[in-house]
Amino acid sequence: MISIDLPVLVAQCAPGVHPVTMQAVVRTESGGNPYAIGVVGGRLARQPRTLGEAVATANALARAGWNYSVGLAQVNRDHLAEYGLVGAAAFDACRNLQAGADILARCYARAAGRGQAGQVALRDGLSCYTSGNFQTGYRTGYVQRVVTNVSEASVPTPRPVVPALDVREVIPVIPAAGSTGDAARSTRQAHPVRSGGAVSSGAADEAERPNGTDAIEVPDNSAVVF
Numbered sequence: 001m002i003s004i005d006l007p008v009l010v011a012q013c014a015p016g017v018h019p020v021t022m023q024a025v026v027r028t029e030s031g032g033n034p035y036a037i038g039v040v041g042g043r044l045a046r047q048p049r050t051l052g053e054a055v056a057t058a059n060a061l062a063r064a065g066w067n068y069s070v071g072l073a074q075v076n077r078d079h080l081a082e083y084g085l086v087g088a089a090a091f092d093a094c095r096n097l098q099a100g101a102d103i104l105a106r107c108y109a110r111a112a113g114r115g116q117a118g119q120v121a122l123r124d125g126l127s128c129y130t131s132g133n134f135q136t137g138y139r140t141g142y143v144q145r146v147v148t149n150v151s152e153a154s155v156p157t158p159r160p161v162v163p164a165l166d167v168r169e170v171i172p173v174i175p176a177a178g179s180t181g182d183a184a185r186s187t188r189q190a191h192p193v194r195s196g197g198a199v200s201s202g203a204a205d206e207a208e209r210p211n212g213t214d215a216i217e218v219p220d221n222s223a224v225v226f
């Protein structure tokens with residue numbers, strides 16, 4: 001199975017669904033396996049490990065008349081053609097997420113259209129996502145499993161190139177030219193520099209001038225087995 005960065009992928013490919021919700025759906029549906037295949041009324045002996053295995057298995061299931069779902073978001077076979085997810089495209093992580101997010105958004109809109117709102121509409125939408133109706137997902141425990149799979153780490157965090165400053169780092173002393181470190185220390189301690197009547201090390205005065213004199217003012221019924 002290939003390794004994916006789920007938070008980043010969800011943010012890029014399913015921006016219409018809150019990342020916390022979409023990631024919880026993916027964890028419930030496929031466990032983050034882009035090659036996952038769930039069979040309604042059965043299960044695979046093992047999950048595909050490569051794209052080739054996934055495509056071959058899905059084609060065999062289609063020929064045999066099985067009802068199945070594929071990919072990260074476990075898009076059901078009935079929706080594949082609608083989203084252009086034919087063959088290997090069905091297992092493309094981003095395209096699969098896009099389809100799953102759209103299906104969930106439509107289910108949520110249907111739930112809201114029935115007069116539900118907020119979290120009730122969202123949970124009804126999750127039931128619709130896995131079963132096509134607003135009851136089955138509750139009865140099978142799917143809605144609760146999605147809620148349980150919500151992670152505090154669901155929201156992507158930026159990965160800055162420049163690290164944060166560590167204020168605990170000790171700044172070393174550079175001895176003056178022509179003097180040893182011990183001599184410089186003893187001289188500094190014996191003869192502090194006075195500025196405006198206050199005792200100063202000189203370095204503190206320089207610190208008040210940034211850069212010296214050049215200061216410049218971021219579907220539950222998938223039956224996926226891992």
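The opening position of the sequence shown corresponds to residue 1 in full-length UniProt numbering, with each subsequent residue numbered one higher.
The beta-carbon is built from N, C-alpha and C at its ideal position, and this holds for glycine as well.
Quantities reported herein were computed from a predicted structural model and do not represent experimental measurements.
Problem set entry | Validate contact between the region 18 to 30 and the region 138 to 152 using beta carbons, cut 8 Å, 3 pairs | Flag = yes, the region 18 to 30 and the region 138 to 152 touch.
For this session: Grab me the residues of Leu6's own chain with a C-beta within less than 7 Å of its C-beta, minus the 5 sequence neighbours each way, in chain order.
Result: In the sequence shown, residue 6 corresponds to position 6, counting from 1. Same-chain partners within the cutoff: Gln23, Val26, Gly32.
Exercise. From Gly16 to Leu122, what distance separates their C-alpha atoms?
Worked result: Indexing the sequence shown from 1 puts residue 16 at position 16. Indexing the sequence shown from 1 puts residue 122 at position 122. Rounded to whole angstroms, Gly16 to Leu122 spans 13 Å at the Cα level.
Exercise. Mind checking Gly197: buried by the 16 CB within 10 Å criterion, or exposed?
Worked result: Within the sequence shown, residue 197 is the residue found at index 197, counting from 1. Confidence at Gly197 is low in this model, with a pLDDT of 43, below 50, so its placement is unreliable and the value that follows should be read with caution. When all chains shown are included, Gly197 counts as exposed.
For this session: Assign Val8 to buried or exposed, taking buried as 16 or more other Cβ atoms, counted over all protein chains shown, within 10 Å of its Cβ.
Result: Numbered from 1 along the sequence shown, position 8 holds the residue referred to as residue 8. Val8 comes out exposed.
Problem set entry | Reference residue 259, options Phe91, Tyr83, Glu82, closest by Cα | What the structure shows of the chain is the stretch from 1 to 226, and residue 259 is not part of that stretch, so it cannot be assessed.
For this session: Note down the Cα distance separating Gly52 from Val120, rounded to an integer number of angstroms.
Result: Translated into positions along the sequence shown, residue 52 becomes position 52. Translated into positions along the sequence shown, residue 120 becomes position 120. The alpha-carbon atoms of Gly52 and Val120 are separated by roughly 40 Å.
For this session: Please name the residue, chosen from Arg49, Val40, Asn133, that lies closest to Leu61 on a Cα-to-Cα basis.
Result: Position 61 of the sequence shown, counting from 1, holds the residue named residue 61. In this structure, Val40 is the residue among Arg49, Val40, Asn133 with its C-alpha nearest to the C-alpha of Leu61.
Exercise. Per DSSP, which one or two residues make a beta bridge with Ser30?
Worked result: In the sequence shown, counting from the first residue as 1, residue 30 sits at position 30. Paired residue(s): none; Ser30 is not in a bridge.
Exercise. Just to confirm, does Ala90 get its C-beta within under 8 Å of one of the non-hydrogen atoms of the ligand NAP?
Worked result: In the structure on display, the ligand NAP does not appear, and there are no ligands present to speak of.
Exercise. Should Ala99 and Leu85 be called a contact, given that it needs their Cβ atoms to be closer than 9 Å?
Worked result: For the purposes of this step, residue 99 is taken as the residue at position 99 of the sequence shown. For the purposes of this step, residue 85 is taken as the residue at position 85 of the sequence shown. Cβ atoms of Ala99 and Leu85: closer than 9 Å.
Problem set entry | C-beta atoms of Val70 and Ile37 nearer than 9 Å | Counted from its first residue, the sequence shown places residue 70 at position 70. Counted from its first residue, the sequence shown places residue 37 at position 37. In this structure, Ile37 lies closer than 9 Å to Val70 by Cβ.
Exercise. Rounded to a whole number of angstroms, what is the C-alpha to C-alpha distance between Arg49 and Ala93?
Worked result: Counting from 1 along the sequence shown, the entry for residue 49 is found at position 49. Counting from 1 along the sequence shown, the entry for residue 93 is found at position 93. Rounded to the nearest whole angstrom, the CA to CA distance from Arg49 to Ala93 is 14 Å.
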